[in-house]
Amino acid sequence: MIEILNPTDVLRAKESGALVAGILQTLKGRCVVGTNLLDLDRWAQSMISEAGAQSCYVDYEPSFGRGPFGHYICTSVNDAVLHGLPHDYTLADGDLLSLDLAVSLGGVVTDSAISFLVGDVRPAESVALIDATERALQAGIAAAGPDVRIGDISHAIGSVLSAAGYSINTEFGGHGVGSTMHQDPHVSNTGRPGRGYRLRPGLLLALEPWVMADTATLVTDADGWTLRSATGCRTAHSEHTIAITEDGVDVLTRSTP
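No gaps in the numbering here: position 146 of the sequence shown is 146 in UniProt numbering, and each next residue is one more.
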């Protein structure tokens, strides 16, 4: 299903996006050496509840996971890149952490992810991974707009990731959002321009470039959820929800000062 929101719902989406962005930035600020992933999950639960919002993850039970997910945020560390299940792990200096959060507020879902380094250690490979996904995300946003094809966004994202030297996995990518978290159209992280669904005002898309340092192959943890690089290399993931407008795009989950 491809859902086109009316102007009232788009306004609700802006509120939802601001909440997601605020929670992610608050959690990032609390991520220091010694922080436990389960504390991040509890803090996310508290902030979602206080805002009168609903988690998209707790009861999430797709075919590819061992559901229900049962937690409020995805916490992926180092070689984990997607769907990281919060567990009893204490963050160490130099860990690369990705936080992925989706909530519903006012009946509208927004979805975002950030990757960053914990502590003072700054491995060059990790900095490059994060930079590549953030640049690819900005390229995808810049390519989006009314009457643009999905393939134009995919091509923009993939061009940045490929130029940075990374292989691209196409099993998981961006997607439509609206009243539910995962909707059509699928937005691959690489593709051919001029192909695919033509974007319309009122469409919400979650764009999410992610890469692994030296492989495009994923493996699934014993927890049935966490997806890791097959080689144990580090990974990064960046995501924003955007709204297609009459004259461009609105980035709903971008943090503001």
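Just so it is clear, CB atoms sit at the ideal spot from N, CA and C, and this is done for glycine as well.
1) Cα separation between H186 and V33?
2) For the alpha helix (DSSP H) that contains P185, what are its first and last residues?
3) Start and end of the beta strand (DSSP E) containing I141?
4) DSSP on M1, reduced to helix/strand/coil?
5) Taking the alpha carbon of T231 as the point to measure from, which residue in V211, H240, G224, W225 has its own alpha carbon closest?
6) Could you tell me if G17 is buried or exposed, where buried requires 16 or more neighbouring beta carbons within 10 angstroms of its beta carbon?
7) Please confirm whether L85 and T245 have their CB atoms less than 8 Å apart.
8) Around the Cβ of Q25, are there at least 16 other Cβ atoms within 10 angstroms (buried) or fewer (exposed)?
9) Is it the case that the Cβ atoms of C56 and V103 are separated by a distance below 8 Å?
10) Once you ignore the five residues that flank F69 on each side, which residues in its own chain have a CB closer than 6 Å to its CB?
11) Hey, could you find the ends of the alpha helix (DSSP H) G248 is sitting in?
12) What's the gap between the Cα of Y197 and the Cα of G67?
13) Using only the alpha-carbon positions, how far apart do A53 and T180 sit?
14) Using the Cα positions of G224 and E15, report the straight-line distance between them to the nearest angstrom.
15) Taking the alpha helix (DSSP H) that V20 falls in, what are its first and last residues?
16) Can you name the start and end residues of the alpha helix (DSSP H) that D41 belongs to?
17) Look at the alpha carbon of T90 and the alpha carbon of V148, and state the distance between them as a whole number of angstroms.
18) Quick check on S154: buried or exposed, where buried means 16 or more other Cβ atoms within 10 Å of its Cβ?
19) Grab the span of the beta strand (DSSP E) containing I114 for me, first residue to last.
20) Starting from the C-beta of Y72, find all residues in its chain whose C-beta is less than 7 Å away, skip the five residues before and the five after it, and write them out in chain order.
21) Which stretch, first to last residue, makes up the beta strand (DSSP E) that contains L161?
22) Do you know how far the Cα of A113 is from the Cα of F172?
23) Determine, using beta carbons only, whether R213 and R228 come nearer to each other than 8 Å.
According to the structure data:
1) Taking the first residue of the sequence shown as position 1, residue 186 is located at position 186. Taking the first residue of the sequence shown as position 1, residue 33 is located at position 33. In a straight line, the C-alpha of H186 is about 36 Å away from that of V33.
2) The sequence position of residue 185 within the sequence shown is 185, counting from 1. Not the alpha helix (DSSP H): P185 falls in the beta strand (DSSP E), residues 183-187.
3) The count along the sequence shown starts at 1 and reaches residue 141 at position 141. Counting along the chain, I141 falls outside any beta strand (DSSP E), though it belongs to the alpha helix (DSSP H) covering 124-143.
4) Numbered from its first residue, the sequence shown carries residue 1 at position 1. Residue state, collapsed to three classes: coil.
5) Translated into the one-based positions of the sequence shown, residue 231 becomes position 231. Checked all of V211, H240, G224, W225; the closest Cα to T231 is V211.
6) Indexing the sequence shown from 1 puts residue 17 at position 17. Counting Cβ neighbours within 10 Å, G17 comes out buried, since at least 16 surround it.
7) Walking along the sequence shown from the start, residue 85 turns up at place 85. Walking along the sequence shown from the start, residue 245 turns up at place 245. Contact: no.
8) Locating residue 25 in the sequence shown gives position 25, counting from the first residue. The residue is exposed, with fewer than 16 neighbouring Cβ atoms inside 10 Å.
9) As a working note, residue 56 is residue 56 in the sequence shown. As a working note, residue 103 is residue 103 in the sequence shown. Their beta carbons are under 8 Å apart, which means C56 touches V103 by this criterion.
10) The count along the sequence shown starts at 1 and reaches residue 69 at position 69. Once the five neighbours on either side are set aside, the close Cβ partners of F69 are Y57, Y60.
11) Within the sequence shown, residue 248 is the residue found at index 248, counting from 1. Segment: none, G248 is in no alpha helix (DSSP H) and carries neither H nor E.
12) Here residue 197 corresponds to residue number 197 of the sequence shown, with the count starting at 1. Here residue 67 corresponds to residue number 67 of the sequence shown, with the count starting at 1. Taking the straight line joining both Cα atoms gives about 31 Å.
13) As a working mapping, residue 53 is identified with position 53 in the sequence shown. As a working mapping, residue 180 is identified with position 180 in the sequence shown. Distance between the alpha carbons of A53 and T180 is about 13 Å.
14) Locating residue 224 in the sequence shown gives position 224, counting from the first residue. Locating residue 15 in the sequence shown gives position 15, counting from the first residue. Looking at the two C-alpha atoms, the distance is approximately 33 Å.
15) What you label residue 20 is simply residue 20 of the sequence shown in a count that begins at 1. It spans 7-30 - the alpha helix (DSSP H) in which V20 sits, taken as one unbroken run.
16) On the sequence shown, residue 41 is found 41 positions in, with the first residue counted as 1. 37-50 is the span of the alpha helix (DSSP H), which, as asked, contains D41.
17) On the sequence shown, residue 90 is found 90 positions in, with the first residue counted as 1. On the sequence shown, residue 148 is found 148 positions in, with the first residue counted as 1. Their backbone Cα atoms lie some 44 Å apart in a straight line.
18) Here residue 154 is taken as the residue at index 154 of the sequence shown, counted from 1. With 16 or more Cβ atoms within 10 Å of its Cβ, S154 is classed as buried.
19) Here residue 114 is taken as the residue at index 114 of the sequence shown, counted from 1. It spans 108-117 - the beta strand (DSSP E) in which I114 sits, taken as one unbroken run.
20) Start at 1 with the first residue of the sequence shown, and residue 72 comes out as number 72. So the list reads D41, A44, Q45, I48, S55, Y57, V58, once near-sequence residues are dropped.
21) For the purposes of this step, residue 161 is identified with residue 161 of the sequence shown, where counting begins at 1. Where L161 is concerned, there is no enclosing beta strand (DSSP E), although the alpha helix (DSSP H) it sits in stretches over 150-163.
22) Taking the first residue of the sequence shown as position 1, residue 172 is located at position 172. Taking the first residue of the sequence shown as position 1, residue 113 is located at position 113. If I take the Cα positions, the gap works out to 14 Å.
23) By one-based count along the sequence shown, residue 213 stands at place 213. By one-based count along the sequence shown, residue 228 stands at place 228. One point to set straight first is that residue 213 is Ala, not Arg, in the sequence displayed. Going by C-beta atoms, A213 is not nearer than 8 Å to R228.
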